[in-house]
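**Q**
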Amino acid sequence: MSVSKKIVNDFVANGIEFVTTVPCKQLGGVIAAVEKEPSIYHIPSNKEDEGMGLCAGAFMGGKRPAIIMQNTAIGVTVNTLVTLTQFYRMPLPMLISYRGELKEPVACQVEMAVHTKALLNQLNIPTYHFHQPGDEQELDAILKYTFMCNKPVAILTDATFWGGY
Amino acid sequence: MIRSEIIRDIAPILRDQLVVCNIGLPSQELHMIDDQASTFYMLGTMGLSSSIGLGVALAQQKTVISIDGDGSVLTNLGTLPTIANNVADNFILLIIDNGSYGSTGDQPTYAGKKTSLTAVARACGCENVIECHAEETGVVLQAAIDSKVMTVIVAKCESGNIKVPVITKDPVVIRDRFMNEVVRTDE
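Below is the structure:
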């Protein structure tokens, strides 16, 4: 089974029925698998803060949400994470492509990569980093943890984990 | 008519619906006029009223009304294509368009100049967009609720504010009582 399919299976097994995505080449396989999964409502968003608003609404409407996005989104969404997701204590698994790490071909991506963990740390967001193939085995536990504690939780997935570009 | 007068007018209609209310003065006005557990007051995050409301509408069956402002829609303009392409017939977006950023001192917005949010919403693919005068808002809103078709309402009004207290309720309380209203079944 592909890693993308396994990730989506973990979403489904944890009751996630509402997923918003902002595209990333590295996460293209997961996004395609989300789109194909009949038990998930896939709603692409135009910007990640909009996506977090949709997820907040879906959660209050009774559906477990998740967001799939690039790490550049952390720069976009600080206010939303703090004044919506955290302030109202809502769970939000964030599956993030960690661009700008080893094997990155685009120099500009590194500029955000060097701030990614520092920002997540500053925001007190529990952060997990999938670096080696097989690290995805922790996803099920991370999702359970997210919906237990009602917090946004970051899952960074880098190029080494995905096997390069 | 100014925004607070529209809110006072439509409060009896909102009372029986799930409402997501925009940050700042709109939430403070509705909270003062007719606080309901079925209203989700935004205490932060300008621009996301329509996104939150659409999320609630897509996740369950009850009618959801997002009260937004022209300035807030402009700050999250990407919401209109998302709404247009994810039709939820239990969703109503009510944009109270006073052409100004009311909560920050009535600075003019582009919606009060050349930009028509009605035209923008239509161009984004929203199929039922109704622009109305402030005085008609209640009638148009009730018709939209009864139609059970996703509707975007742009209610044009004058800018201006009244004095209102800030909301001191705990955000988790606001969220929890709203979620209880989502699952409440009428007996």
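Protein chains in written order, with our numbering: chain A, 976 to 1140; chain B, 24 to 210. C-beta: ideal position from N, C-alpha, C; glycine also.
Could you tell me which residues DSSP pairs with Lys1000(A) in its beta bridges?
**A** Per DSSP, none; premise fails for Lys1000(A).
**Q** Look up Gly92(B) in the DSSP assignment and give the residues it is bridged to.
**A** Ile119(B).
**Q** From the beta carbon of Pro194(B), is the nearest beta carbon of chain A less than 8 Å away?
**A** Interface residue, yes.
**Q** Quick one: which residues of the region 990 to 1008 of chain A get their C-beta closer than 7 Å to a C-beta of chain B? List them in chain order.
**A** Of all residues in the region 990 to 1008 of chain A, Phe993 have a Cβ within less than 7 Å of some Cβ in chain B.
**Q** What are the residues that DSSP puts in a beta bridge with Thr995(A)?
**A** Answer by DSSP bridge pairing, in chain order: Ile1018(A), Ile1042(A).
**Q** If the cut-off is 9 Å on Cβ atoms, which residues from the region 59 to 78 of chain B count as contacting chain A, listed in chain order?
**A** Result list: Phe63, Met65, Leu66, Gly67, Thr68, Met69, Gly70, Leu71, Ser72, Ser73, Ser74, Ile75, Gly76, Leu77, Gly78.
**Q** Check Cys1124(A) in the structure and name its three-state DSSP category.
**A** Helix at Cys1124(A).
**Q** Measuring CB to CB, does Ile1100(A) end up less than 8 Å from Pro1040(A)?
**A** Not closer than 8 Å, so no.
**Q** Secondary structure at Val175(B), three-state DSSP: helix, strand or coil?
**A** Strand.
**Q** For the region 136 to 194 of chain B, list the alpha helix (DSSP H) runs that are entirely contained and at least 4 residues long, ordered along the chain.
**A** Qualifying alpha helix (DSSP H) stretches, in chain order: 140 to 146, 160 to 170.
**Q** Quick check on Ala1033(A) - is its C-beta less than 8 Å from some C-beta in chain B?
**A** Cβ-Cβ to chain B under 8 Å: yes for Ala1033(A).
**Q** Do the region 1055 to 1072 of chain A and the region 1009 to 1022 of chain A make contact, defined as three or more Cβ pairs closer than 8 Å?
**A** The region 1055 to 1072 of chain A is not in contact with the region 1009 to 1022 of chain A.
**Q** Can you name the start and end residues of the alpha helix (DSSP H) that Val1146(A) belongs to?
**A** Residue numbering for chain A in the displayed model covers 976 to 1140; residue 1146(A) lies beyond these limits and cannot be assessed.
**Q** What residue from Phe993(A), Arg1074(A), Ser1014(A) has the CA that sits closest to Lys1092(A)'s CA?
**A** Considering only alpha carbons, the answer is Arg1074(A).
**Q** Which of the three DSSP states is assigned to His1104(A) in this structure?
**A** Here His1104(A) sits in strand by DSSP.
**Q** Which two residues bound the contiguous beta strand (DSSP E) that contains Thr62(B)?
**A** Taken as a continuous stretch (DSSP letters only), the beta strand (DSSP E) holding Thr62(B) covers 62 to 64.
**Q** What are the residues of the region 1112 to 1136 of chain A that lie near chain B, defined by any Cβ-Cβ distance shorter than 7 Å?
**A** Within the region 1112 to 1136 of chain A, no residue has a Cβ that lies closer than 7 Å to any Cβ of chain B.
**Q** When the distance is taken between beta carbons, is Val997(A) closer than 8 Å to Gly1028(A)?
**A** Contact flag unset, no.
**Q** Helix, strand or coil: which one does DSSP assign to Val1009(A)?
**A** Helix, per DSSP.
**Q** Give the interface partners of Thr141(B) over in chain A, defined as CB-CB distance under 8 Å, in chain order.
**A** Per Cβ cutoff of 8 Å: no residues; Thr141(B) is ~20 Å from chain A at best.
**Q** Compare the C-beta of Leu53(B) with all C-beta atoms of chain D and state if any pair is closer than 8 Å.
**A** In the structure shown, chain D does not exist; the protein chains are A and B.
**Q** Would you list, in chain order, the members of the region 1020 to 1031 of chain A that have their beta-carbon closer than 9 Å to a beta-carbon of chain B?
**A** From the region 1020 to 1031 of chain A, only Ser1020, Asn1021, Lys1022, Asp1024, Glu1025, Gly1026, Met1027, Gly1028, Leu1029, Cys1030, Ala1031 have a Cβ closer than 9 Å to chain B.
**Q** Can you give me the Cβ contacts of Val1128(A) inside the same chain, cut-off strictly under 6 Å, excluding the 5 residues immediately before and after it?
**A** Cβ neighbours of Val1128(A) beyond the five flanking positions: Pro1068, Pro1101, Thr1121.
**Q** Can you name the start and end residues of the alpha helix (DSSP H) that Leu77(B) belongs to?
**A** Taken as a continuous stretch (DSSP letters only), the alpha helix (DSSP H) holding Leu77(B) covers 72 to 82.
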